[in-house]
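Using this note's numbering, the first residue of the sequence shown is number 8, and each one after it goes up by one.
Glycine is no exception: its CB is placed at the ideal position from the N, C-alpha and C atoms.
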Amino acid sequence: MPEIKLEHVTKRWKNFYAVDDLNLVIDNNAFVTLLGPSGCGKTTTLRMIAGLETPTSGRITIGDRVVYDSALGINIPANKRKVGFLFQNYALWPNMTVYENISFGLSNIKESMPKVNFEAKNNARLAEILKNPADVKRVVEECRDKKGKLDEKKAVIKLIDEYTISQYTAKKLFAYHIEEGRDVSAEAEALARKAEEAVAANGLNEKFEYVKDGKVVEEVRKLSKEEIDLSVRRVSRIVKISMFMDRYPAELSGGQQQRVAIARTLAPEPTVLFMDEPLSNLDAKLRLEMRYELQRLHVETGSTFVYVTHDQMEAMTLATQICLINNGVLQQYEAPLKVYARPNNLFVADFVGNPSINFIEAKGSQQADGAIALSFLGGLQAKFRSAEGVDLAKWFAERDAAVEADAAALREAAREKGYVEKGNKDETFKYHIAKVNEEDDALAEEPVLTNEDFVLGVRPEFIEIDPNGAVEGEIYGAMPTGMESTIKVRVGEFLLTGVVFGSTLFKIGEKIRFNIDGDKIMLFDRKGGKCISLGRLDF
Numbered sequence: 008m009p010e011i012k013l014e015h016v017t018k019r020w021k022n023f024y025a026v027d028d029l030n031l032v033i034d035n036n037a038f039v040t041l042l043g044p045s046g047c048g049k050t051t052t053l054r055m056i057a058g059l060e061t062p063t064s065g066r067i068t069i070g071d072r073v074v075y076d077s078a079l080g081i082n083i084p085a086n087k088r089k090v091g092f093l094f095q096n097y098a099l100w101p102n103m104t105v106y107e108n109i110s111f112g113l114s115n116i117k118e119s120m121p122k123v124n125f126e127a128k129n130n131a132r133l134a135e136i137l138k139n140p141a142d143v144k145r146v147v148e149e150c151r152d153k154k155g156k157l158d159e160k161k162a163v164i165k166l167i168d169e170y171t172i173s174q175y176t177a178k179k180l181f182a183y184h185i186e187e188g189r190d191v192s193a194e195a196e197a198l199a200r201k202a203e204e205a206v207a208a209n210g211l212n213e214k215f216e217y218v219k220d221g222k223v224v225e226e227v228r229k230l231s232k233e234e235i236d237l238s239v240r241r242v243s244r245i246v247k248i249s250m251f252m253d254r255y256p257a258e259l260s261g262g263q264q265q266r267v268a269i270a271r272t273l274a275p276e277p278t279v280l281f282m283d284e285p286l287s288n289l290d291a292k293l294r295l296e297m298r299y300e301l302q303r304l305h306v307e308t309g310s311t312f313v314y315v316t317h318d319q320m321e322a323m324t325l326a327t328q329i330c331l332i333n334n335g336v337l338q339q340y341e342a343p344l345k346v347y348a349r350p351n352n353l354f355v356a357d358f359v360g361n362p363s364i365n366f367i368e369a370k371g372s373q374q375a376d377g378a379i380a381l382s383f384l385g386g387l388q389a390k391f392r393s394a395e396g397v398d399l400a401k402w403f404a405e406r407d408a409a410v411e412a413d414a415a416a417l418r419e420a421a422r423e424k425g426y427v428e429k430g431n432k433d434e435t436f437k438y439h440i441a442k443v444n445e446e447d448d449a450l451a452e453e454p455v456l457t458n459e460d461f462v463l464g465v466r467p468e469f470i471e472i473d474p475n476g477a478v479e480g481e482i483y484g485a486m487p488t489g490m491e492s493t494i495k496v497r498v499g500e501f502l503l504t505g506v507v508f509g510s511t512l513f514k515i516g517e518k519i520r521f522n523i524d525g526d527k528i529m530l531f532d533r534k535g536g537k538c539i540s541l542g543r544l545d546f
């Protein structure tokens, strides 16, 4: 499967930038989730790669083929990009059976393909199977009911699955009635001889394709019924719906309908499979089951999956890489656990994680020993010790230089012909501080921030209850779920969320002591929202 490369891809409507200068490389056989809030540009990105939306500018490459280039005027239509698209709405034809729904797209394919002698190919396959009649007999005999009556339909399906053949070949095989003890050695020899004669007379290769001057002959044609049936049976086995071929969509559950939609998308063997929130219509339990199925499907097909979702749990559990987007701008593109443990900025830290991360505003400065002395939560004092040995003065200088470079690049771009100023401006993410008495952020005045203003990011699992803990608090709320409890701890007027593993019961109002433990506590620059470093707190 191919690599997908996006270079400076932009999509705007007037001055609204749905996708803003996106650069992205999706590796071969990756499972990438495009994650972000509603309206962030993830579906637009997916549709541009698939060819369902035309970018305003940029370049998109799938494998070694450029499918869009604004400078060169290249824009290959969606049906020529060899990609599959799975929509949120399954879009199954209600008047067609499962088999007909899956095969419908295949029957409309007409393109240059190798010229194949299907009669010789089928004769050779039948001859090969008939050489071992005892195996055929065993398969067919398994399809008798308790009274000994043979179920022909079941026997044909069993032969299809056993020998990976089409229903047409399976019916021919069943017609020999080997279960009755017939000797089919003569028929097997005759079929083999016919196949050999066809190969000799027409110059066929081992795949029974016509060859001329050492090259496989190609012709513009449609898929044969045999090829269509083999493709339908192949994908139905992958998604485990072989038993539903004669049913109609209304006779299937939501999960089964989803499997049919996946099979229909896989049948033409797309180079890439795009999925736009395909599980959002399912209930919670079925959604979880389908996540496992998609994981398995990704491994079995070896395809490149690009998956759009706003559900960060789906992104974390399914993806090999998460592409997190906000306001049309790429925020972070890394492995799920890296995004969770080392977010680039406040937005990423807030969006990924359930329960949500705790943000704590702090003031402080770096000491001679390298530690950063902080004051937070209404007067608590602690030292943040960076695991990365950060030098704050140098970090702030690099931050200011990067801001100036971005501003200079924007001024340069504004001088170019056709430049359109971005209407949906990019702003530093406004994080939420949980308090006992919530304040209306719209009424609050914007503070004047300095290089002494920070934000600590504390994941709920870092709140560790300890009778000798450094911080005193009060249980403000508790939600036990069996294996763990999610608690709200009040510290002064602030609320912190913690996760406590085990079946401990907590009483509201109960006084506790706890530590903010771990060496992956995040220190953010409050002014720009970027993550400065990971580290620990020493009280």
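Item to check | Outcome for Q388 when other beta-carbon atoms lying within 10 angstroms are tallied against a minimum of 16 | outcome: Classification for Q388: exposed.
Item to check | Nearest-angstrom Cβ-Cβ length linking L304 and V246, presumed shorter than 8 Å | outcome: Rounded, the Cβ-Cβ distance is 7 Å, consistent with contact.
Checklist entry - Counting along the chain, where does the beta strand (DSSP E) carrying Y483 start and finish? => result V478 to P487 is the extent of the beta strand (DSSP E) around Y483.
Item to check | Status (buried if at least 16 other CB within 10 Å, exposed otherwise) for P277 | outcome: Buried.
Checklist entry - Which residues mark the beginning and the end of the beta strand (DSSP E) in which I472 is found? => result Start and end: I470 to I472.
Checklist entry - alpha helix (DSSP H) containing H439: first to last residue? => result Counting along the chain, H439 falls outside any alpha helix (DSSP H), and DSSP gives it neither H nor E.
Checklist entry - Do you know whose CA, among N108, F531, G536 and P343, lies nearest L42's CA? => result Of the candidates N108, F531, G536 and P343, the residue whose Cα lies closest to the Cα of L42 is P343.
Item to check | From G542, G48 and N333, residue whose alpha carbon lies closest to that of G464 | outcome: Of all alpha-carbon atoms in G542, G48 and N333, the one lying nearest the alpha-carbon of G464 is that of G542.
Checklist entry - Going by DSSP, what residues sit across from T311 in a beta bridge? => result Its beta-bridge partners are V279.
Item to check | Sequence-distant residues of its chain with Cβ nearer than 6 Å to L273 (five each side left out) | outcome: V242, listed in sequence order.
Checklist entry - Among K495, I164, K12 and D28, which has the Cα closest to the Cα of N334? => result Answer by Cα proximity: D28.
Checklist entry - Taking the C-alpha atoms as reference points, what is the distance between A380 and L399? => result Per the coordinates, the alpha-carbon of A380 lies some 12 Å from the alpha-carbon of L399.
Checklist entry - Looking at G525 and F461, is the spacing between their C-beta atoms short of 9 Å? => result The answer is no: Cβ separation not under 9 Å.
Checklist entry - Does DSSP put D34 in a helix, in a strand, or in coil? => result Note: D34 maps to coil in three-state DSSP.
Checklist entry - Rounded to whole angstroms, how far is the Cβ of I332 from the Cβ of C47, which I believe are closer than 8 Å? => result Indeed they touch by this definition, with Cβ atoms about 5 Å apart.
Checklist entry - Within 10 angstroms of its Cβ, does Q374 collect 16 or more other Cβ (buried), or is it exposed? => result It counts as exposed.
Item to check | Nearest-angstrom Cα separation, counted from S363 out to K442 | outcome: Whole-angstrom Cα-Cα distance: 14 Å.
Checklist entry - Where does Y426 land, buried or exposed, given buried means 16+ other C-beta within 10 angstroms? => result Exposed, by the Cβ-count rule.
Item to check | Residues that DSSP places opposite Y299 in a beta bridge | outcome: According to DSSP, residue pairing for Y299 in a beta bridge does not occur.
Next on the checklist: Which complete beta strand (DSSP E) runs does the region 98 to 156 hold, if anything under 3 residues is left out?
Outcome noted: Qualifying beta strand (DSSP E) stretches, in chain order: 117 to 121.
Next on the checklist: Looking only at its chain, what residues have a beta carbon closer than 6 Å to the beta carbon of L59, apart from the 5 residues adjacent to it on each side?
Outcome noted: Excluding sequence neighbours, L59 sits near A85.
Next on the checklist: Buried or exposed for Y340, going by 16 or more other Cβ atoms inside 10 Å?
Outcome noted: So Y340 counts as buried.
Checklist entry - Since L344 is in the alpha helix (DSSP H), which residue starts that stretch and which ends it? => result Segment P343 to A348, the alpha helix (DSSP H) holding L344.
Item to check | Cβ neighbour criterion (16 or more within 10 Å) applied to P44 | outcome: Per the 10 Å Cβ criterion, exposed.
Checklist entry - If we ignore side chains and look at the alpha-carbon of each, how far apart do E452 and S260 end up? => result Taking the straight line joining both Cα atoms gives about 53 Å.
Checklist entry - In whole angstroms, what is the alpha-carbon distance linking F358 and E434? => result F358 and E434 have their C-alpha atoms some 16 Å from each other.
Checklist entry - Which residues share a DSSP beta bridge with L53? => result L53 is not bridged to any residue.
Item to check | Bridge partner(s) assigned by DSSP for W402 | outcome: Answer is none; W402 lacks a bridge partner.
Next on the checklist: Distance cutoff 9 Å, beta carbons only. Does K442 sit that close to anything in chain B?
Outcome noted: Reference to chain B is not applicable here, since this structure consists of a single protein chain.
Checklist entry - Does the Cβ of R88 have 16 or more other Cβ atoms within 10 Å, making it buried, or fewer, making it exposed? => result That one is buried.
Checklist entry - Around the Cβ of F94, are there at least 16 other Cβ atoms within 10 angstroms (buried) or fewer (exposed)? => result The residue is exposed, with fewer than 16 neighbouring Cβ atoms inside 10 Å.
Item to check | Inter-residue Cα distance where the pair is P454 and K534 | outcome: Spanning the two alpha carbons is a distance of roughly 10 Å.
Next on the checklist: Which residues does DSSP list as the beta-bridge partners of M320?
Outcome noted: By DSSP's assignment, M320 forms no beta bridge with any residue.
Item to check | Rounded C-alpha distance that separates K178 from K144 | outcome: Between K178 and K144, the C-alpha separation is close to 14 Å.
Next on the checklist: Taking 9 Å as the threshold (C-beta atoms), are I11 and I69 in contact?
Outcome noted: When the beta-carbon positions are compared, I69 and I11 come within less than 9 Å of each other.
Next on the checklist: I need the boundaries of the beta strand (DSSP E) containing E428, first residue and last residue.
Outcome noted: Element bounds for E428: n/a, residue is neither H nor E.
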